[in-house]
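Colleague: Let me give you the structure first, and then I'll get to my questions.
In my numbering, the protein residues as written are 2 to 701.
Here you go:
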């Protein structure tokens, strides 16, 4: 009996160990592909930034167009934004049966919204814009770092990434209760993208924020960024749900995102930030940054130090004039304080009035530039943008330094090793070690950090000797059954209490025995999904893989060792995966330990061709570039109409041709755009864009 028990125990332990190993391998695949995609997004954006920096417009029309296209309309002034997103002129038809909002909002409005969204109803665009308008007004009054106390509520609940998964938010409210004066919530960014109900999540969170402004706190995440939204689905979601007013809603959301606070501090002891920290993180600087300047954190702009130095010297009453090589005095800096023109005679009141207005406006513009407040930013003073004359004697930070502070707290990840290094896996932020965490905690007298940004199998994870807590609230993030979601509750003792969940309706109705079988089936399903994604990734790099394999196949036999196969695959994909462990799932075993790589690649191509009836060499290129092509399409499609106008294509091609040193006349560009417009409707849709790419590749 003892021998039988031990035998069963050994078998069961081996079985559980194999399941755990399969789960971990599957996890590594999903995470590696996700981070590689984020890296591609940043590389693509850096490419466009490089083009813009090195492009010289030939006319003011080109300059304005390129500015609108790639700087994303940041030149909207306060009054212009209000006029553009005017919700009061919209009429709600009598046939509308969805929820209705009136301001100030009441708890009943939030309850009605939750019920409506459970019934798959949609909020009218008028109410969406009105809600965004009120949210923006509220956020502008908040500091960069929100302060929460457990003295005024029983506990504070902290939620991580939701990523458009409304069922997870419903489950959190069901288990933990709705926000109320006795139940505070902190939502730690990444409300949108990937999931299909990002807009509904925003509406619910903004509604509760306005009803309970002291109990509900929102931090900005790296996905609260319109450049990221172009790639990961939120922009597309809004335009599909609101085809008429989608552009206005997106413009308002873009402006709301840049006003979201950057961090939350609980009892001055627990710091909540979305991503992490770096060895240069400075909470004092973060508190004083004009956060709304950074509409997209992916666009870091280097500040011209010379202009800042001139501004400071002007304040101090100094003057710095440099001579050019010819001995002539340089022109005065545009940043210097404007000198008023000579006042006209008081006898001519009209002229004198014009002179006063002009002089005052010039002084205001100079102060605006001095305080680093662009025209796109608010004309009224807010709690995060007040600049007094005494501040000018304090530390002066460059735009680049401020940008890096925000980039680090939104994009960084912890690592077990000491130190702080660039986060090359994601392409943004840094990796910070336990020593960096310890220094920050000691410097600001903190107990521990709470961050999100990374999906965890159990929904939460401690690291750095339990000084850094990652909380992730989107369950089934990669695939149904891939991970749990979690939230953490903190009382006055600041001891974390976790609640885990999985938003899966089927699992709740199963018995314990059925759940065990269901769990095994889920692992198999998740594993299959991960390997399918990995095979797509391998197929997309067929050409590069052939070159890498041939480097090991000196005699051109078409065969390489399985060990060389693993080394070559990693050298091409750079995913950091345990290829030798994954090999049995990807490569058929052979008796002599050799792989016929050409037939293996043919099998990959056959699998993908069964889904897409396209020539395999062409399909490879499309698989490899589709995400980038779709993002490029959306960048060019500035009005998010789903169509590229001839004018948008014309100006974008001027940008590309300038970079590639290709001389092409306007008539040549017009002929090109007409040839891509296959249905001759005067616009280019995404299918025509891909088709043009396909034809060009075929001709090559």
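Where a beta carbon is used, it is the ideal one built from N, C-alpha and C, also for glycine.
Does the contact criterion of 3 or more C-beta pairs under 8 Å hold for the stretch 156 to 173 versus the stretch 475 to 487?
Modeller: A contact exists between the stretch 156 to 173 and the stretch 475 to 487.
Colleague: For residue 458, does the three-state DSSP call read helix, strand or coil?
Modeller: By 1-based counting over the chain shown, the position of residue 458 is 457. Residue 458 falls in the coil class under three-state DSSP.
Colleague: If you check the beta carbons only, do residue 185 and residue 147 fall under 7 Å apart?
Modeller: For the purposes of this step, residue 185 is identified with residue 184 of the chain shown, where counting begins at 1. For the purposes of this step, residue 147 is identified with residue 146 of the chain shown, where counting begins at 1. No.
Colleague: Can you grab the Cα-Cα spacing for the pair residue 167 / residue 593, in whole Å?
Modeller: The residue you call residue 167 lines up with position 166 of the chain shown. The residue you call residue 593 lines up with position 592 of the chain shown. Answer to the nearest angstrom: the Cα atoms are 52 Å apart.
Colleague: Which residues bound the beta strand (DSSP E) around residue 1?
Modeller: Residue 1 lies beyond the stretch modelled for the chain, which goes from 2 to 701, so this question has no answer here.
Colleague: Between residue 654 and the rest of its own chain, which residues show a CB-CB distance below 6 Å, the 5 nearest in sequence each way excluded?
Modeller: By 1-based counting over the chain shown, the position of residue 654 is 653. Taken in chain order, the residues that qualify are 670.
Colleague: So, at 7 Å on beta carbons, what are the nonlocal neighbours of residue 601 in its own chain, with the 5 sequence-adjacent residues on each side left out?
Modeller: Translated into positions along the chain shown, residue 601 becomes position 600. Taken in chain order, the residues that qualify are 588.
Colleague: What residue range does the alpha helix (DSSP H) around residue 108 cover?
Modeller: As a working mapping, residue 108 is identified with position 107 in the chain shown. Per DSSP, residue 108 belongs to the alpha helix (DSSP H) from 108 to 119.
Colleague: For residue 256, which residues does DSSP report across the bridge?
Modeller: To locate residue 256, count along the chain shown from 1; it is residue 255. Residue 256 is not bridged to any residue.
Colleague: Among the residues of its own chain, which have a CB less than 7 Å from the CB of residue 422, if the five just before and after it don't count?
Modeller: One-based indexing of the chain shown puts residue 422 at position 421. Cβ neighbours of residue 422 beyond the five flanking positions: 431 and 432.
Colleague: Would you list the one or two residues that DSSP bridges to residue 595?
Modeller: Your numbering for residue 595 matches position 594 in the chain shown. The partner list for residue 595 (beta bridge, DSSP) reads 562.
Colleague: What is the C-beta distance between residue 649 and residue 637, in whole angstroms, given that I count them as a contact (C-beta under 8 Å)?
Modeller: Along the chain shown, read from residue 1 onward, the residue named residue 649 stands at position 648. Along the chain shown, read from residue 1 onward, the residue named residue 637 stands at position 636. Right, the Cβ-Cβ distance comes to about 5 Å (below 8 Å), so this counts as a contact.
Colleague: According to DSSP, which residues form a beta bridge with residue 272?
Modeller: To locate residue 272, count along the chain shown from 1; it is residue 271. Partner(s): 266 and 450.
Colleague: What does DSSP give as the partner residues of residue 415 in its beta bridges?
Modeller: Position 414 of the chain shown holds residue 415. Bridge partners of residue 415: 433.
Colleague: Using the Cα positions of residue 398 and residue 262, report the straight-line distance between them to the nearest angstrom.
Modeller: As a working note, residue 398 is residue 397 in the chain shown. As a working note, residue 262 is residue 261 in the chain shown. Taking the straight line from one Cα to the other gives about 19 Å.
Colleague: For residue 573, write down the residues that DSSP places opposite it in a beta bridge.
Modeller: In the chain shown, the residue the question calls residue 573 occupies position 572. According to DSSP, residue 573 bridges with nothing at all.
Colleague: In the structure shown, what three-state DSSP assignment does residue 32 receive?
Modeller: In the chain shown, residue 32 corresponds to position 31, counting from 1. Three-state DSSP puts residue 32 in a helix.
Colleague: Quick one: grab the DSSP three-state call for residue 162.
Modeller: As a position in the chain shown, residue 162 is number 161, starting the count at 1. Reduced to three states, the DSSP call for residue 162 is strand.
Colleague: Beta-carbon separation of residue 439 and residue 420 under 7 Å?
Modeller: Here the question's residue 439 lines up with position 438 in the chain shown. Here the question's residue 420 lines up with position 419 in the chain shown. No, the pair does not count as a contact, with Cβ atoms beyond the cut-off.
Colleague: So, is residue 133 buried or exposed, given that buried needs 16 or more other C-beta atoms within 10 angstroms?
Modeller: By one-based count along the chain shown, residue 133 stands at place 132. Burial call: buried.
Colleague: Just list the residues that DSSP pairs residue 684 with in beta bridges.
Modeller: Here the question's residue 684 lines up with position 683 in the chain shown. Per DSSP, 646.
Colleague: By DSSP, does residue 129 sit in helix, in strand, or in coil?
Modeller: On the chain shown, position 128 is the one that residue 129 refers to. The answer is helix: DSSP assigns residue 129 an H, G or I state.
Colleague: Assign residue 410 to buried or exposed, taking buried as 16 or more other Cβ atoms, counted over all protein chains shown, within 10 Å of its Cβ.
Modeller: Position 409 of the chain shown, counted from the first residue, corresponds to residue 410. Buried, by the Cβ-count rule.
Colleague: Count the other C-beta atoms from every protein chain shown that fall within 10 angstroms of the C-beta of residue 227, then say buried if there are 16 or more, exposed otherwise.
Modeller: Within the chain shown, numbered from 1, the residue matching residue 227 stands at position 226. Flag for residue 227 reads buried.
Colleague: Can you tell which of 426, 138, 92 and 674 has the C-alpha that lies nearest to the C-alpha of residue 210?
Modeller: The residue you call residue 210 lines up with position 209 of the chain shown. That would be 138, whose Cα lies nearest to the Cα of residue 210.
Colleague: On the DSSP letters alone, give me the boundaries of the beta strand (DSSP E) that residue 501 sits inside.
Modeller: Along the chain shown, read from residue 1 onward, the residue named residue 501 stands at position 500. Run containing residue 501: 497 to 502, per the beta strand (DSSP E) assignment.
Colleague: Secondary structure at residue 471, three-state DSSP: helix, strand or coil?
Modeller: On the chain shown, position 470 is the one that residue 471 refers to. Strand.
Colleague: For residue 285, count neighbouring C-beta atoms within 10 Å of its own C-beta (all shown protein chains included) and say buried if the count is 16 or more, exposed if not.
Modeller: Residue mapping note: residue 285 aligns to position 284 of the chain shown, counting from 1. Label assigned to residue 285: exposed.
Colleague: Residue 222 and residue 190 - do their beta-carbons sit closer together than 7 Å?
Modeller: On the chain shown, position 189 is the one that residue 190 refers to. On the chain shown, position 221 is the one that residue 222 refers to. The answer is yes: Cβ separation under 7 Å.
Colleague: Taking 8 Å as the threshold, find out whether the stretch 19 to 32 comes into contact with the stretch 521 to 540 through three or more Cβ pairs.
Modeller: Because the criterion of three Cβ pairs below 8 Å is met, the stretch 19 to 32 and the stretch 521 to 540 touch.
Colleague: Could you have a look at residue 488 and say whether DSSP puts it in helix, strand or coil?
Modeller: Along the chain shown, read from residue 1 onward, the residue named residue 488 stands at position 487. If DSSP states are grouped into helix, strand and coil, residue 488 belongs with the strands.
Colleague: What is the residue span of the beta strand (DSSP E) that residue 93 lies within?
Modeller: Taking the chain shown and counting its residues from 1, one reaches residue 93 at position 92. Per DSSP, residue 93 belongs to no beta strand (DSSP E) and is neither H nor E.
Colleague: Tell me which same chain residues have a C-beta within less than 6 Å of the C-beta of residue 374, skipping the five on either side of it?
Modeller: Stepping through the chain shown from its first residue, residue 374 is reached at position 373. Note that residue 374 scores a pLDDT of 45, beneath 50, so its modelled location is shaky and nothing firm can be said.
Colleague: Among residues of its own chain, excluding the 5 on either side of residue 442, which ones have a beta-carbon nearer than 8 Å to its beta-carbon?
Modeller: The residue given as residue 442 occupies position 441 in the chain shown. Contacts found: 448, 449, 450 and 468.
Colleague: Between which residues of its own chain and residue 683 is the CB-CB distance below 8 Å, once the five residues before and five after are set aside?
Modeller: Locating residue 683 in the chain shown gives position 682, where the first residue counts as 1. Excluding residues within five positions, the ones whose Cβ falls inside 8 Å are 646 and 647.
Colleague: Less than 8 Å between C-beta atoms, sequence neighbours within five positions excluded: which residues of the same chain meet that for residue 714?
Modeller: It is not possible to answer for residue 714, since the shown part of the chain is limited to 2 through 701.
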